[in-house]
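To start, the structure itself, in C-alpha cells.
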Amino acid sequence: MAKGLILKTETEAVRPQQTSPRFVTLRKDQEPARLRAYLRGDARELLERHAIAMPVTTLKAGALRAETAEWTFEVVPLADLQRDPWWRRTLRALRPESWVLSLAPVLTMLGWLAASSSEPMNLSRALAAVIGVIALHAAMNLFGDYHDHMRGWDRVPERGADRVLARGDFRGFEILRVAWASAGLAAICGGALLIANFDQITWKAVLLLLMVLAVVLEFGVSRWGLKYRGFGELAAWFFFGPWLTGGLSWALTGRIPWSAWVMGLPFGSMALLILHLRNFERIMIDSQAGLGTWPARTGFEASKKFTWFCATALMGSLAALLVFADPSPERSLPVLVTSMGLGPLLGVVRAVRSPSGGELHGLAHRGLRLAWAMALSFWCSDLLRLWGSATLARIFS
Amino acid sequence: MHEPKLPSLKIYSPQDFPAYLPKLNQLFDDLFRDGKGFRSKLVARVATRLGADDRCTQLLAQTIEFIHNASLLHDDLIDRSVLRRGKPAAWTKYTPEYAVLAGDYLLARVMVNLSGYGNVRLIQYTAEMISDLLEGEWIQDSLVGDHAVTAAQLDRVHNLKTGSLFKWCLRSPFHALKRDDPHLHEVLENCGIILGLLFQRSDDLLDFDVRNHEGKAVLGDLKSGYMNSFTVFVFEGLSETQKSRAREAQSLGEFKRAVGEAHFDQRLVSFDAMNVKQIELYAHNLERLRTHLASNEQALTQDLGKLSELLYWRKA
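So the protein lines, in turn, are chains A and B. Taking the working numbering, the leading residue of the first sequence gets 291, the next gets one more, and so forth. Taking the working numbering, the leading residue of the second sequence gets 12, the next gets one more, and so forth.
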C-alpha cells in the first residue's frame with residue numbers, strides 16, 4: 291500500500307502526499323549487462339541500497355515471444371516490501387504441490403517392489419531414489435522460474451506474475467543458487483545409484499539417463515522452446531510415467547521388467563492431463579503470443595475434447611495396471627478414487643464457455659488435487675496390502 | 012505554458028453522408044450532438060504540439076470520434092442499453108438494424124478518409140486498433156454472467172477496448188507525421204495502456220458511487236451480471252456465500268453489508284493505491300517520452316502529464 295494515502299470518506303480519496311516507488315526502464319540493446327544484473331538481482335546499485343527490482347507486469351502478449359526489448363522495473367527497498375517469513379517463501383519457490391507428479395510414481399513403485407520382490411529392499415538406495423527425484427523436480431521448478439524471469443515471461447500475469455521472482459520473494463541469483471544446490475543433491479543421489487548398479491549399466495540405462503537430462507534441460511531452461519511447441523506434453527507423460535517407474539526399478543533391482551513400464555502409465559497420463567489443463571488455462575494468452583502449445587494450435591473446442599482423451603487414457607492405464615502389472619484387489623482403490631475425482635473435473639471443463647471464461651482459471655490446480663487424491667489412494671492401497679498380509683500371517687501362523 | 016491553438020474541429024457534417032438515406036443524418040446528428048469529444052481533443056492536442064497541419068489534425072479528430080461512436084452504437088445494442096448520454100440509445104429510437112448499419116457506415120467512412128490521406132502505416136495501425144476494439148467487445152460480451160472472471164482477464168479486455176482508443180490518440184499523430192520509431196511507439200503504447208486502465212477502473216468505481224460526480228447509476232454493472240474490475244477486487248478473499256449475497260444486492264448499502272463495510276473501505280484504499288502506482292508509472296513513461304521529442308515538442312509531455320490524474324480522480 292502506498293505511503294501517505296489518506297482516505298477521507300468512502301467517496302473521496304486524497305491524493306498521496308509522497309510516494310515514489312522508483313521505476314527504471316532498461317533496453318536490451320543499450321544496456322545489456324545492466325539489464326542482466328537487474329534481472330539477476332545482483333546489480334551493484336541494488337545491493338548497495340538493499341533493494342529489489344521487480345519487473346512491472348505487462349499486458350503485451352508479445353513479451354512471451356521476446357518482442358519487447360525493454361524491461362521496466364519497480365525498485366523497492368527490501369525493508370518496505372511486505373514479505374512472508376523465509377520458510378513460507380522457500381516453500382512457495384519449491385512448489386511442493388507439484389511434487390506429487392514425481393513422488394506418486396516413486397513411492398508407489400517402492401511399494402510395488404517391496405510387495406513383489408522376494409529380496410528385502412535396500413533402504414539406502416530407496417532413500418537416495420526418493421530424495422534424488424524430489425531434488426530433481428525442485429531443481430526443474432527453480433530453473434524454470436529463473437529462466438522464465440530472465441526471459442521476461444513472468445511479466446505476463448497469466449504466465450507467472452504471481453511467482454516468487456515477480457513478487458519480490460527472492461532475487462534471481464538466490465533462486466539460481468538454490469536451483470544448483472538442488473540439482474547437485476539430485477546428481478549426488480543419482481551418482482550413488484549409478485555406482486551401486488555399475489555392473490548392471492546397459493545401453494538402455496545410459497539412454498534413459500541421457501533422455502532425462504535432455505528433458506530436465508528443456509523443462510527447466512527451455513533452451514529450444516520445445517515445451518511450448520507441443521512436445522512438453524509428450525515429455526511430461528514419459529518422464530513422470532514410465533521413465534520414473536522403469537528407472538526406479540533399475541536403480542533398486544538392476545532390472546526393468548515390462549510391468550515396471552506399465553506401472554508408470556497412470557502417472558504419465560496424470561502428468562499429461564495436468565500439463566494439458568495448464569496450457570488450456572492459458573489458451574488465450576498463448577494464442578495471442580503465437581506459442582505453439584497444443585491448445586493454442588488446435589483451438590478451444592478441440593482442447594476440451596483432448597481433456598476427455600487424457601481422462602480416458604488415465605482410466606485406461608489404471609485398468610491396464612490392474613490387469614497386467616499389479617492385479618491385487620487393493621489396487622481397485624486408486625481406480626475408484628480417480629474415477630470419482632475425474633467426474634467433477636470433466637464437468638468443470640464441459641461447463642467452460644469460452645477461452646476467456648473465468649471457469650478456466652484454476653483448472654490445473656484442480657488437476658493437481660486429483661493427482662494427490664490418486665497418489666494417496668495408491669499409498670493407502672499399499673498400506674492395506676501390507677496390513678492385510680501381516681494380518682493373514684498372524685491368522686495362519 | 013503556452014497553450015496550443017487547436018484548429019476548430021468539425022467532427023460531423025450532414026454533407027459527409029448521403030442525404031437520400033432516410034434518417035441516417037438524423038441519427039448522426041443525435042449521436043454527435045452531445046458528446047464531450049474528449050478523444051478528438053486529445054488527438055488534436057497531440058497533433059498540434061507535433062506541428063501537424065490543420066488537415067491532418069481534422070482527419071485524426073474525425074477518425075477517432077467516428078470509431079468511438081461506431082463502437083457506442085454497436086455496444087448499446089449488444090448490451091441492450093436503452094439510454095446513451097441521458098437520451099434514448101440509437102437502436103431504440105430508430106431500429107437495431109439502422110444502429111448497426113450506421114456504425115458500419117462510420118467505420119467505412121474512416122477507411123475512405125484515411126485512404127484518401129494516403130499514409131499506409133496510419134491506415135494499417137487504425138485497422139489494427141479497430142480489430143482490437145472488436146476483439147475486446149467480443150471477449151467482454153462473453154464475460155457477462157461469468158462470476159469467476161479474473162482481474163487479469165478484465166485488464167486485457169480494458170486494454171483492448173478502452174486502451175486501444177487512448178493508444179491511438181497518442182500514436183496516430185506520430186504515424187501521420189511518418190515518425191514510426193518502434194521505441195518511441197513502445198513508450199506511447201505504455202502510456203496509452205495505463206490511461207486506458209485508469210479510465211476504465213475509475214469508471215468501474217462510479218458503479219459503487221465512488222467519486223461519482225456525474226451521478227451515474229449505481230450497481231448497473233453488477234445488476235446486469237458483469238463483474239467489473241472493482242467488484243473482482245473487492246471479492247478477493249471473500250467466501251462464496253458472501254460473494255453470492257453481494258451479487259444479489261439491489262442497493263449499495265446491501266452490497267457493503269454483504270462484503271463487510273470495513274472490508275469495502277479497506278479494498279477501496281488498496282485499489283486507489285494500486286492505481287496511484289500506475290499514475291507514477293505513467294509519469295515515468297512520460298519522462299522517457301521526452302527523450303524522443305524535439306525541444307519545441309516538450310510541452311506535449313506537460314499536456315499529457317495531467318491526463319492520468321484527471322482520468323482517475325475525475326477532477327483536476
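Even for Gly, the Cβ is constructed at its ideal location relative to N, Cα and C. Here the structure is a predicted model, which is why all the values come from computation and not from measurement.
- In the structure shown, residue 363/A falls within a strand segment according to DSSP collapsed to helix, strand and coil.
- Residue contact with chain B for residue 324/A: absent (no Cβ-Cβ distance below 8 Å to any residue of chain B).
- Residues of the stretch 115-127 of chain B with a Cβ closer than 7 Å to any Cβ of chain A: none.
- For residue 447/A, the nearest beta carbon of chain B is closer than 8 Å to its own beta carbon.
- Per DSSP, residue 613/A is not a residue of any alpha helix (DSSP H), being assigned neither H nor E.
- A direct Cα-to-Cα measurement between residue 657/A and residue 571/A gives close to 12 Å.
- Secondary-structure assignment with DSSP links residue 345/A through a beta bridge to 363/A.
- Between the stretch 411-430 of chain A and the stretch 472-489 of chain A, the count of C-beta pairs closer than 8 Å reaches three or more; the two stretches touch.
- With contacts defined by Cβ atoms closer than 8 Å, residue 383/A and residue 314/A do not form a contacting pair.
- For residue 305/B against residue 184/B, the beta-carbon gap comes to about 14 Å, at or over 8 Å, which does not count as contact.
- Within chain B, 153, 157 have C-beta atoms less than 8 Å from the C-beta of residue 643/A, given in sequence order.
- Taking 7 Å as the Cβ-Cβ cut-off, the stretch 181-207 of chain B approaches chain A at 197, 204, given in chain order.
- Excluding five sequence positions before and after residue 367/A, the CB atoms of its chain that fall closer than 7 Å to its own CB belong to 339, 340, 341, given in chain order.
- For residue 287/B, the enclosing alpha helix (DSSP H) has its first and last residue at 272-301.
- Here the stretch 549-567 of chain A lies against the stretch 387-395 of chain A, with 3 or more beta-carbon pairs under 8 Å apart.
- DSSP places residue 324/A within a helical segment (H, G or I) once states are collapsed to three.
- Minimum Cα-Cα distance from residue 88/B among the listed residues 72/B, 105/B, 75/B, 76/B corresponds to 105/B.
- For the pair residue 119/B and residue 38/B, the CB atoms are not nearer than the 8 Å cut-off.
- If you draw a 10 Å sphere on the C-beta of residue 620/A, you find 16 or more other C-beta atoms in it, and that means buried.
- Residue 535/A: member of the alpha helix (DSSP H) spanning 534-543, first to last residue.
- As computed with DSSP, residue 315/A is found in a beta bridge with 362/A.
- Assignment of residue 258/B by DSSP, reduced to helix, strand and coil, places it in the helix class.
- Taking a cut-off of 8 Å for Cβ pairs, the stretch 155-165 of chain B and the stretch 188-208 of chain B do not touch, as fewer than three such pairs fall below it.
- In this structure, DSSP gives residue 21/B a state outside helix and strand, which the three-state scheme calls coil.
- The beta carbon of residue 573/A is closer than 7 Å to those of 585, 586, 590, 593, 645 in its chain, skipping five residues each way along the sequence.
- Taking each of 150/B, 67/B, 82/B, 121/B in turn and checking the Cα distance to residue 189/B, the smallest one comes out for 67/B.
- Restricted to the stretch 220-244 of chain B, the alpha helix (DSSP H) segments that are unbroken, complete and at least 4 residues in length are 231-234, listed in chain order.
- For the stretch 337-348 of chain A, the set of positions with a beta-carbon nearer than 9 Å to some beta-carbon of chain B reads 346, 347, 348 in chain order.
- Residue 137/B and residue 74/B do touch by the CB rule: their CB atoms are close to 7 Å apart, below 8 Å.
- Between the alpha carbons of residue 218/B and residue 228/B lies a gap of roughly 7 Å.
- One finds 159 in chain B with Cβ atoms closer than 7 Å to the Cβ of residue 649/A, taken in chain order.
- Sequence-distant Cβ neighbours of residue 36/B in its own chain, meaning closer than 7 Å and more than five residues away, are 25, 28, 30.
- Within the same chain, Cβ atoms closer than 7 Å to the Cβ of residue 469/A are found at 429, 432, 433, 436, the five residues on either side in sequence being excluded.
- In the assembly as shown, residue 267/B is a buried residue. Its beta-carbon has 16 or more other beta-carbons within 10 Å.
- With distances taken between CA atoms, residue 242/B lies nearest to 165/B out of 165/B, 103/B, 102/B.
- Residue 61/B sits in coil when the DSSP states are folded into three classes, being neither helix nor strand.
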